[in-house]
Ligand code: AFP
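Residue numbers (our numbering): 66 to 378.
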């Protein structure tokens with residue numbers, strides 16, 4: 066038997082079996098499995114997409130692709146029928162949707178198809194999910210019990226954490242999520258950086274931080290898709306992703322509820338850190354659905370170093 070929960074030499078471990086072996090609570094197991102299965106339907110829609118714009122704007126003013134809307138509907142329908150979800154908040158909708166009858170346990174946040182503008186160039190994109198046991202208008206530290214994301218790339222992979230480490234699964238040809246990386250742990254210091262925002266818009270502290278990383282020989286890895294960029298840092302076991310506050314938009318670009326909290330949860334469970342440059346992402350109070358905030362997420366050393374540069378020390 067290896068060090069982790071599973072013995073890879075004897076059998077393949079599917080998602081349900083892994084969650085059961087890891088002691089994830091029954092309803093949460095069922096919910097995570099149901100959400101993971103939506104990845105199959107969303108990926109089928111990506112395959113049959115004609116990449117046409119529908120010509121409407123979401124609350125952030127972004128053009129929505131038909132795929133975003135379809136992915137959102139797939140998720141909402143699945144969750145409404147799950148029997149476990151009271152409320153659904155999606156980046157594609159401007160208010161929280163009550164999908165349950167009243168006594169369901171969980172509150173879900175979703176970015177149904179992050180990076181959908183990359184579909185035409187055939188880069189990887191993803192679905193990001195936060196699972197909360199309390200109202201989402203709290204701190205992630207208080208309300209979150211699990212997080213997951215699905216990557217649609219050459220392979221479909223899914224990483225989940227229910228507070229017992231972060232684990233990666235690959236969707237196999239039989240349509241089963243099979244364990245591929247158990248209890249992923251980031252090194253304290255990595256060697257890649259992923260830098261959002263235009264250099265000319267960076268603040269002085271951030272620019273000096275990047276110059277430090279340059280001098281240390283970090284390799285640039287940035288696709289413009291949050292899911293594959295974070296996935297790379299996790300699977301390569303370290304490094305840093307930043308989307309900083311910019312001179313004209315101090316809150317940066319990424320959304321606290323839909324993008325940052327779930328990735329922060331998974332990253333912390335992998336031994337990393339996620340901050341806005343000062344505070345942990347999971348300690349930030351959520352005030353509104355479209356709240357944005359700067360982010361420094363990845364290995365401990367690089368995130369701590371960012372704090373030093375941003376505070377001017
Ligand atoms: P969309 O969801 O509008 O495609 O934005 C993708 C994204 O939110 C995130 O996936 C990336 O990390 C980030 O934007 C990239 O932003 P830049 O295009 O400014 O680099």
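We put the CB at the ideal spot given by N, CA and C, even for glycine.
Note that the structure is a prediction, hence the values are computed from the model and not measured.
Option in the options with minimal Cα separation from residue i
i           : options               : result
residue 220 : 276, 134 and 296      : 296
residue 299 : 97, 78, 131 and 286   : 286
residue 224 : 232, 143 and 104      : 232
residue 281 : 322, 201 and 370      : 370
residue 159 : 198, 265, 366 and 355 : 355
residue 265 : 301, 314 and 218      : 314
Residue i: CB within 7 Å of a non-hydrogen atom of the ligand AFP
i           : result
residue 291 : yes
residue 319 : yes
residue 308 : yes
residue 261 : yes
residue 180 : yes
residue 355 : no
residue 159 : no
residue 294 : yes
Rounded distance between the beta-carbons of residue j and residue i, thought under 8 Å
i           : j           : result
residue 212 : residue 196 : 7 Å
residue 343 : residue 318 : About 18 Å; that fails the 8 Å criterion.
residue 107 : residue 136 : 5 Å
residue 251 : residue 337 : 4 Å
residue 270 : residue 375 : 4 Å
residue 153 : residue 164 : 5 Å
residue 256 : residue 284 : 6 Å
residue 179 : residue 290 : 7 Å
residue 330 : residue 205 : 7 Å
residue 227 : residue 89  : 4 Å
residue 83  : residue 244 : 5 Å
residue 325 : residue 358 : 6 Å
For residue i, the residue or residues it bridges with in DSSP
i           : result
residue 363 : 305 and 338
residue 79  : 243
residue 195 : 174 and 212
residue 357 : 320
residue 257 : 284
residue 98  : The partner list for residue 98 (beta bridge, DSSP) is empty, contrary to what the question assumes.
residue 221 : 217
residue 267 : 311
Proximity of residue i and residue j at Cβ, strictly below 8 Å
i           : j           : result
residue 303 : residue 364 : yes
residue 305 : residue 361 : yes
residue 242 : residue 93  : no
residue 309 : residue 340 : no
residue 132 : residue 111 : yes
residue 293 : residue 216 : yes
residue 201 : residue 78  : no
residue 103 : residue 143 : yes
residue 177 : residue 140 : yes
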